[in-house]
Each structure stands twice: as structure tokens, then as C-alpha cells.
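Novice: Before anything else, here's the structure in question.
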Amino acid sequence: MLLVYPNSYFVGMSNLGFQAIYYQLNQRPDTYCQRLFLDSSPLVSLEKGWPVNNFDIIAFSIPFELDYLNILKILDLAAIPLKGAERSDGYPLIIAGGIAVSANPEPLSEFIDLFVLGEGEEVVHELIDAYKAVRSQLSSPKHRQAGRTGREEALKKLAEVEGIYVPRFYHVSYNENGTVKAIETEDAPGKVRRRWVKDIDRYRTASHILTKGTEFGDMYLIEISRGCSENCYFCLAGYAYRPWRVRSLEKVFQEIEEGRKHRERIGFISTLASRHPQIEKICSKVLETKGKVSLASLRPGTLSKTLIEAMDRSGQRTLTLAPETGKEALRRTLNKNVSDEEILKSVELVADFTVPNLRLYFIIGLPGEDDDDIVAIADLVGKIRKRLFVSKKPGKITVSVNPFVPKASTSFQGMRMEEGKTLSRRLKILKKELRNLKNINFIHESVKWSLWQGILSRGDRRLGNVLLSTYRWEGDWRRALREEGLDESFYLRRGRSAEEIFPWAHLD
């Protein structure tokens, strides 16, 4: 089996989910899983240098929509037909999983034989067991003589595994206005249920391969919780990884002991690390071993002096907070119930220690937003700056801004996305408002590629040919849409009614 991350080695090996699935597969005596990355040169497996076509299964791990084009590139370079309908029985089975395709796999449905929906630790074992039972059918002369491909028969059996979605067995019809009219199937479940792991203590999710060539090369990473307790309406991770689960103190301590054999710094991975009920004990355990602590995500209102002191003693240089908006009222419409005062009090706690830098995440283009909300972001940053640097030498505040991209399977899945011109104008407003504040670093995501992400995140099967043309035209997705007679505004700038059938309606 070949596990593929459709981006660079640096990015892929920084992904703990990718490492966890690699570990699970290689725990099986009947499976040898190797890795491939977009920048593998030549395009052969990392472990043994095998050609891509030599594998029974090629599995893509896809956390981001913007990597979809890289999937086509890898298949193309491997001389594998891009569309599943064009692949004969002799080609590898092409599968995909990850948060992006678990939310909405439809734009990739022409290229992927089957999708694994949800969390993979359990379902990958069921998938391999089922595959072993049908493997002979992939080249069965009996099926070919009967006018059926062994591949199709095998996929029918694999579709019986809960959490496995085989798009070729679902037929989509469209209304004249382009919306989905019906999604029908005869040979597969009417609803495909996403998988989730009830007890995350049963599966190790930690650094299994330690390498310097990653974003977290100096750390041993440990997942301490999964999901999120907050349910912000815009956040895909909060919906895709429901319900919120925490790893037990015993299991976390075991991983800390293992991690300290390899690295001084222990990084704790979670959508909301500071919400773990034992987070202070966890950090204290690392410090007791003469190690250092790194926390990725912190929520205002959950910080304590003990927690910040642990990061301070560990030499952590940057603390990250996500106010999302400048105005408290707009923040609450997102179901992010954090007050301005909670944010500022958290900053005051940080100011008492030597952590010099702060990273702040904001979103623009939100439903109900106007230009005053953009100015309010700068006002809040100014207040944060004043409180952070009141008693110590100024460090740097990085203001990181992302355009709002509505995601399938969230409460905001039916919302419109703001026009590109408006997003660009508001970014200019914010840049101007921040200009007079010292020690501020302003960065933002590309508006163009955020719009493309928005199209893919809620797209339908008709985007298959758009992806193909975009790949061949080196990223010119607007030209590809025009060639296919599809309208950017249809996918981005119309509100969806509650009665509309979404392209992912058959996925539970």
C-alpha cells in the first residue's frame, strides 16, 4: 500500500494524522505501507523506491482542498489514468481520506475509486480485511467474461464497510438552475455514515517518525484531545471530529515518557489544547522530566498563570489566540462566545511573563460583516498591543487574516461567500488601519485561492472536468469554469435554502 500526501514532505510529515494512519497500517503483519510526497524525486516510494504503479492500493491523505490539483499531478506523473472510469482492473485501487473529502468528496468523485469518511484508525483495518477478501476479483477472467469488471465487483463489496463511499454507485441529477435534483443508488447504502473513534485511548496518535525536515522537527507531538467543545458555526474541525474526546492522563503520560527519549520539546496537538481538563498536570509532567512544553491552540478564558508559566519556562517564543473578529457582537453570531475582556485578560496574563510574541487569527468576509467590523479588528489589535507590551520589551504581534470560506457539513454550509473585490478592499482597509501600530506583522491568505477553495469546498460532481482543465491550464480555474459553462457565483455568492439538496446530502 502506498500512502500519499499530495504536498511536500515538509508539510506531510508535519501532519500527525498522516503519521497515525501510516503507523496503524504497518502494525498489520499482512500490510506493508510506504510513503510518497509531491516532491518525491523520482516519483517512487520513500521506503523502497518502488514505482507508484507497483502498489495494490494508493491512498491519498487530503486535509486541504487546494491540494486536489496535486492529486491529479501525481496520478498523471505515474501514468495512471486520471478518471476512475478509464482505469482497468490492472491499475491500483485509488482511495482517499482526510477532513476535506470527509466533508464533501464530490468534486473528486471522478478520480477516486473510494473515499474513507471520518476518522481512519478503525475503518482502515476493516477496509484492508475486506480488500483481501475481494482482491482476486480485481483481475478475474470470470467477471470479464460476464461483462463485468472485477474492479466494480470488488468495489461493491468494499462499499459494504461502514464509512466507505464509492461514488460510482451514486447517480446525481440536476435541476435546470444547476442545483441537485436527486441522488440515487441501487448498489450501495442510501446514507454513508462517517466513522469516529469512540475511545481515542485505544490508538496512538503521536510522532512515529521523527525527522528534522518538518515544521515541528524539534518536537515530539502528542494528540491530547480530538474534536472541540465549542461548536463555532464556521469551523469544519469542530463538526468533522465530533464529539469532543480527551486522551486520558495515563496515556498522555506514557507518550510523554516515550517522547522524552527522542526530543526535549513535547508539542501537544488539539483543536483546543487549553480545554483539556488535565492540561496543567500534563505540562507539569513535561517540566518534571526536564523537558519543554509547546501548545498550539489556546482559548481566551481558559488560560491560567500555571499554563503560561509552563510555556515561559519552556522558552516558547509565540503564543497563539484566535479572536476571529474585532467586535464581540459579530463574534457571538459565530457561536464563539468569547468576550473582548476575556481576550484582553488573557493578554495581560501573557504580559507578566517573557513570552515575547503573539499570533492573532482573524476572519474577514463573515455573514453580516461590514467595513466597521474591519476597523474594529485594528482597534482590538491596538488594545491587545497596549496590554501586552505594558511591562516588557516589545516583541512582535502577527495578525493573520483568512477570508471566510463556507464549509460543507457545518452550520454555515449554506452561507454565501463574499466577493473577491470586497475581500481585497477590506484587506486594504485593515492594512491601512494597522499601519501606525509598531511591531505588527500583517499577513493574509490569497483572495484568489480562497475563492477557489470556496468553490471546491461546496462543489458538486460537475467540477471534475473543471479540476481536470485547471490542472492542464496550470491553475487557471476561472478559465476552466468558463469552458465548462459553470458560473463562479453559483458556487460562491448565492445563499442556499433549507430545502436545497446539497451535493453531500447522502453523506451522514
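According to my numbering, the sequence shown is numbered sequentially starting from -1.
Even glycine gets a Cβ: it sits at the ideal position worked out from N, Cα and C.
In this text, all values refer to a predicted model and were calculated from it rather than measured experimentally.
Just the Cα atoms here: how many angstroms apart are Tyr129 and Ala152?
Specialist: When rounded, the distance between both Cα atoms is 8 Å.
Novice: Quick one, are the C-beta atoms of Leu125 and Val164 less than 9 Å apart?
Specialist: no
Novice: Pick out whichever of Leu136, Leu378, Asn173 has its Cα sitting closest to the Cα of Lys155.
Specialist: Leu136
Novice: Between the region 373 to 388 and the region 412 to 420, are three or more C-beta pairs nearer than 8 Å?
Specialist: no
Novice: Going by the CB atoms, is the gap between Gln314 and Val291 shorter than 9 Å?
Specialist: yes
Novice: Assuming Leu319 and Ile341 make a contact with CB atoms under 8 Å, what is their CB distance in whole Å?
Specialist: 7 Å
Novice: From which residue to which residue does the beta strand (DSSP E) around Lys267 run?
Specialist: The residue you asked about is not Lys; residue 267 is Ile in the sequence shown. Segment 263 to 267, the beta strand (DSSP E) holding Ile267.
Novice: Ordered along the chain, which non-local residues of its own chain (more than five positions away) have a Cβ less than 8 Å from that of Ala496?
Specialist: Correct list, in chain order: Gly412.
Novice: Under three-state DSSP, which class holds Leu34?
Specialist: strand
Novice: Give the range of the beta strand (DSSP E) segment to which Ala57 is assigned.
Specialist: 55 to 59
Novice: Given that a residue counts as buried once 16 or more other Cβ atoms are within 10 Å of its Cβ, and exposed if not, what is Gly145?
Specialist: Unreliable placement is indicated for Gly145, whose pLDDT of 43 sits below 50; the coordinate value is still reported in the next sentence. So Gly145 counts as exposed.
Novice: Return the chain-ordered list of same chain residues with a C-beta closer than 6 Å to the C-beta of Tyr469, the five sequence neighbours on each side being excluded.
Specialist: For Tyr469, same chain residues with a beta-carbon under 6 Å away, outside a window of 5 residues either side, are Leu67, Leu70 in chain order.
Novice: According to DSSP, is Pro241 part of a helix, a strand, or is it coil?
Specialist: coil
Novice: With DSSP collapsed to three states, give me the class of Val99.
Specialist: helix
Novice: Can Gly393 and Val345 be called in contact, C-beta distance under 9 Å?
Specialist: no
Novice: What are the residues that DSSP puts in a beta bridge with Lys290?
Specialist: Arg263
Novice: Select from Arg383, Leu449, Gly457 the residue whose C-alpha is nearest the C-alpha of Asn437.
Specialist: Arg383
Novice: For the candidate residues Leu247, Tyr218, Arg273, whose alpha-carbon lies nearest to that of Lys259?
Specialist: Tyr218
Novice: By Cβ distance, which residues of its chain are closer than 8 Å to Ser6, with the 5 residues on each side in sequence left out?
Specialist: Phe35, Leu36, Asp37
Novice: For Thr269 versus Ser223, is the C-beta distance shorter than 9 Å?
Specialist: yes
Novice: Can you tell me the Cα-Cα spacing of Arg459 and Asp371, whole angstroms?
Specialist: 36 Å
Novice: Output the boundary residues of the beta strand (DSSP E) element that contains Val2.
Specialist: 0 to 3
Novice: In whole angstroms, what separates the C-alpha of Val250 from that of Ile280?
Specialist: 7 Å
Novice: Ignore the nearest five residues each way along the sequence and tell me which others in Asn24's own chain have a CB closer than 8 Å to its CB.
Specialist: Correct list, in chain order: Tyr30, Cys31.
Novice: Buried or exposed for Ala101, going by 16 or more other Cβ atoms inside 10 Å?
Specialist: When all chains shown are included, Ala101 counts as buried.
Novice: In or out: Lys430 buried (at least 16 other Cβ within 10 Å) or exposed?
Specialist: exposed
Novice: Using three-state DSSP, classify Ser272 as helix, strand or coil.
Specialist: helix
Novice: With 16 as the cutoff for other CB atoms within 10 Å, does His169 come out buried or exposed?
Specialist: exposed
Novice: Thinking Glu104 and Pro404 are a contact (beta carbons under 8 Å), I'd like their distance in whole angstroms, please.
Specialist: Actually they do not touch by this definition, with Cβ atoms about 15 Å apart.
Novice: My guess is that Ile60 and Val122 are in contact by the Cβ rule of under 8 Å, so how many angstroms apart are they, rounded?
Specialist: That belief does not hold up - the Cβ atoms of Ile60 and Val122 are roughly 15 Å apart, past 8 Å.
Novice: For Met309 and Arg357, what's the separation of their Cα atoms in angstroms?
Specialist: 15 Å
Novice: Would Arg462 and Glu108 qualify as a contact pair, given that the criterion is a beta-carbon distance under 9 Å?
Specialist: The residue you asked about is not Arg; residue 462 is Gly in the sequence shown. Result yes, Cβ atoms of Gly462 and Glu108 sit closer than 9 Å.
Novice: Apart from the five residues just before and just after Thr300, which ones in its own chain have a Cβ nearer than 7 Å to its Cβ?
Specialist: Excluding positions up to five away in sequence, the list reads Ser272, Arg273.
Novice: If you drop the 5 nearest sequence neighbours on each side, which residues of the same chain put their C-beta closer than 6 Å to that of Arg33?
Specialist: Leu1, Leu44
Novice: Would you report the Cα separation of Gly148 and Ser337, rounded to the nearest angstrom?
Specialist: Near 59 Å, if we compare the C-alpha coordinates of Ser337 and Gly148.
Novice: Count the CB pairs spanning the region 317 to 336 and the region 230 to 250 that are closer than 8 Å, and state whether there are at least three.
Specialist: yes
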